[in-house]
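A quick write-up on the structure given underneath.
There are 2 protein chains.
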Amino acid sequence: MAAARFALLITPAESTDEERADFSDSFRRIDPSAPALSVGELSTQRGDGIFESIGVIDGHAQEVEPHVQRLAHSAALCDLPEPHREQWRQAVALAAAECGPGEWVIKLILSRGVDHGPAPTAWVTAAPAADFAAARTEGIRVVTLDRGYDSGAAERSPWLLLGAKTLSYAVNMAALREAHLRGADDAIFVTTDGVVLEAPTASLILRCGDRFVTPAPHGGILQGTTQISLFAHLEAQGYATEYATVPTADLATADQAWLLSSVRLAAPITAIDGVGLAVDHAFTDGLNAYLLSARD
Amino acid sequence: MAAARFALLITPAESTDEERADFSDSFRRIDPSAPALSVGELSTQRGDGIFESIGVIDGHAQEVEPHVQRLAHSAALCDLPEPHREQWRQAVALAAAECGPGEWVIKLILSRGVDHGPAPTAWVTAAPAADFAAARTEGIRVVTLDRGYDSGAAERSPWLLLGAKTLSYAVNMAALREAHLRGADDAIFVTTDGVVLEAPTASLILRCGDRFVTPAPHGGILQGTTQISLFAHLEAQGYATEYATVPTADLATADQAWLLSSVRLAAPITAIDGVGLAVDHAFTDGLNAYLLSARD
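These protein sequence lines are chains A and B, in that order.
The first sequence stops at residue 296 when you use the UniProt record's numbering, and every number in between is there.
The second sequence stops at residue 296 when you use the UniProt record's numbering, and every number in between is there.
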């Protein structure tokens, strides 16, 4: 995405019981390129916080409620204070009102706060989205990368924070660099015991005949808001959808595959580890037309 | 540690070939509690950067060179531009000069910079250290926690960034919270195949008779500067030291054990997973007396 054009610092509500019609006095608009955070911020020192990225189409923020719910889910996994959902909804509405025509992205960030500080730090930004037309129409090449974990790690060891969307994304970024080194555009993480997980910043869906499959969101996957929305759309069209344990070997037998995320939307996969995969361009265009329509 | 009392923003040297006697014009002193970083900072958005923590005793920064070397090592693992070592040495010297008597901590942070920005962002801070007298003298209780990885993961999958000291420390912090939930003070990470690694923010050494053992720093361990320094000290005193693959079961047979880090120094372990361990207080006092002496 481009640099943010809008940013709002949020003083998080102290209690989720607080019933307020208007949280505007808890927001402070700031220059997104000006200094705003102190060096004591635990987000910068330890990636200690959580985030969400929301797509915006012509000023309409997509799927706000699932994103706010997922922020609360991540907060619970990370022992952060529960976000006040109405406060975040109002912050997103203010940010969305600042987005121009076309595609934008709103980011929500909730940090543990300043070291030894009294409260979390929170902010939202809005920025024009990058142009993902090529990814959506021509598709992307992906490679599989070992995530290092076995498929039981998330359930066994919740302190690994698998399933939380934390600010500690250095490994996700390193995986994307590794994919680029291998001549690909993106990566699909797999477990050490041969189970497909997700992409570093996207969900995966596979098409097998008229059935659409995504890796089951236990086992350390961050369930994708875009994937959930697309499954509902496919079901309404009469397709079968399924959450399943997907063996890595099944990647080779899928008829088609896509990476799904809130801003890039549906990117058809043209090759996995160098082996070509068919792309149904008309069908994919239909998926993206749906994803570009106003969704709540 | 307490809030930082001193902070210096650094404009990183563009090339490590640059031979400059004086980097002072690349430093800008800032108020450590004032806004200094923009919301576009990738350290805050993705924990995308690296750091070091250096102990300071009565104004003397300990082991500066090993820390600067390790910063460079982490930068290489994370595909960050190579730090100019002399520039960082000078920044540390300025920070050390601001530290009062007693124990302080200097942090070095090198972030990937602002999203789509031209260069990394870098800064150092200095803060009074927390009082670790109780940990050093009375000791700490630890629990073992699964790190989720097997002992081959680091070598097999370098994008997992094991061995780099990144800002993505959310899991390390979650492991400490889990340890506290279990009534302990700290944790020891172990692999899924039963090999001892390290603590979330410290190295482990074990004493078996007159031999001192630490987990070998391949396999995803961040080699501890304090551990290296202490091994040299022990060797000079005639003790045998060893880097070894330590099976988890060996924790039960060690005569003594310590967690070592740059600021807390040597914290004797009084119990592992609830099983008591002897502490030689006089010997431990000797280790900390060495670690509190000026070291380079």
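Glycine residues also receive a C-beta, built at the ideal position from the N, C-alpha and C atoms.
Along the chain, where does the alpha helix (DSSP H) that runs through residue i open and close?
{"i": "A:S229", "result": "T225 to A236"}
{"i": "B:R46", "result": "L42 to R46"}
{"i": "B:L66", "result": "Note on identity: in this sequence residue 66 of chain B is Pro, with Leu being the wrong assignment. Looking at the DSSP string, the run of the alpha helix (DSSP H) that includes B:P66 is V64 to L77."}
{"i": "A:F283", "result": "H281 to L292"}
{"i": "B:E155", "result": "A153 to R156"}
Per DSSP, which one or two residues make a beta bridge with residue i?
{"i": "B:F189", "result": "B:L145"}
{"i": "B:A271", "result": "B:R141 and B:G276"}
{"i": "A:F51", "result": "A:I109"}
{"i": "A:C208", "result": "A:R211"}
{"i": "B:H60", "result": "B:I57"}
{"i": "B:Y239", "result": "Looking at the DSSP assignment, B:Y239 forms no beta bridge with any residue, so it has no partner."}
{"i": "A:S33", "result": "In DSSP, A:S33 forms no bridge with anything."}
{"i": "A:A91", "result": "A:A91 is not bridged to any residue."}
{"i": "A:W104", "result": "A:V56 and A:P128"}
{"i": "B:S203", "result": "B:L260"}
{"i": "B:V195", "result": "B:P247"}
{"i": "B:A266", "result": "B:L260"}
So, using beta-carbon positions, are residue i and residue j closer together than 8 Å?
{"i": "residue 303 of chain A", "j": "A:A267", "result": "Since the first residue of chain A shown is 1 and the last is 296, residue 303 of chain A is not available in this structure."}
{"i": "B:L292", "j": "B:L265", "result": "yes"}
{"i": "B:A154", "j": "B:L145", "result": "no"}
{"i": "A:D186", "j": "A:A199", "result": "yes"}
{"i": "A:V213", "j": "A:A244", "result": "yes"}
{"i": "B:A179", "j": "A:G47", "result": "no"}
{"i": "B:L259", "j": "B:I269", "result": "yes"}
{"i": "B:A61", "j": "B:A91", "result": "no"}
{"i": "B:G49", "j": "B:L167", "result": "yes"}
{"i": "A:D115", "j": "B:A3", "result": "yes"}
{"i": "B:I54", "j": "B:H67", "result": "yes"}
{"i": "B:I106", "j": "B:A126", "result": "yes"}
{"i": "A:E63", "j": "A:T225", "result": "yes"}
{"i": "A:A119", "j": "A:P12", "result": "yes"}
{"i": "A:A36", "j": "B:V263", "result": "no"}
{"i": "A:P83", "j": "A:L71", "result": "yes"}
{"i": "B:D296", "j": "B:E103", "result": "no"}
{"i": "A:A254", "j": "A:C208", "result": "yes"}
{"i": "A:I205", "j": "A:Q237", "result": "no"}
{"i": "A:T44", "j": "B:T44", "result": "yes"}
{"i": "B:D79", "j": "A:R89", "result": "no"}
{"i": "B:F6", "j": "B:Q87", "result": "no"}
{"i": "B:I109", "j": "B:F51", "result": "yes"}
{"i": "A:V142", "j": "A:A75", "result": "no"}
If you follow the beta strand (DSSP E) that residue i is in, where does it begin and where does it stop?
{"i": "B:F6", "result": "F6 to I10"}
{"i": "B:A254", "result": "Segment: none, B:A254 is in no beta strand (DSSP E) and carries neither H nor E."}
Is DSSP giving residue i helix, strand or coil here?
{"i": "B:P215", "result": "strand"}
{"i": "B:S261", "result": "strand"}
{"i": "B:H116", "result": "coil"}
{"i": "B:T166", "result": "strand"}
{"i": "A:T125", "result": "strand"}
{"i": "A:V171", "result": "helix"}
{"i": "B:A2", "result": "coil"}
{"i": "A:S24", "result": "helix"}
{"i": "A:A133", "result": "helix"}
{"i": "A:D179", "result": "According to the sequence as given, residue 179 of chain A is Ala; it is not Asp. Of the three classes helix, strand and coil, the one that applies to A:A179 here is helix, per DSSP."}
{"i": "B:A249", "result": "helix"}
{"i": "B:A97", "result": "helix"}
Tell me which same chain residues have a C-beta within less than 7 Å of the C-beta of residue i, skipping the five on either side of it?
{"i": "B:R29", "result": "L8"}
Near residue i, what residues of its chain come up, given a Cβ to Cβ distance below 8 Å and the 5 sequence neighbours on each side ignored?
{"i": "B:L160", "result": "Y149, A153, A154 and G220"}
{"i": "A:T248", "result": "T144, V190, G194, V195 and V196"}
{"i": "A:A175", "result": "L145, A187, F189 and P200"}
{"i": "B:A278", "result": "D255 and Q256"}
{"i": "A:P101", "result": "D58 and G59"}
Going along the chain, which residues of its own chain have a beta-carbon closer than 6 Å to the beta-carbon of residue i, five neighbours each way excluded?
{"i": "A:N288", "result": "R136, L265 and A266"}
{"i": "A:T192", "result": "D150"}
{"i": "A:F132", "result": "R264"}
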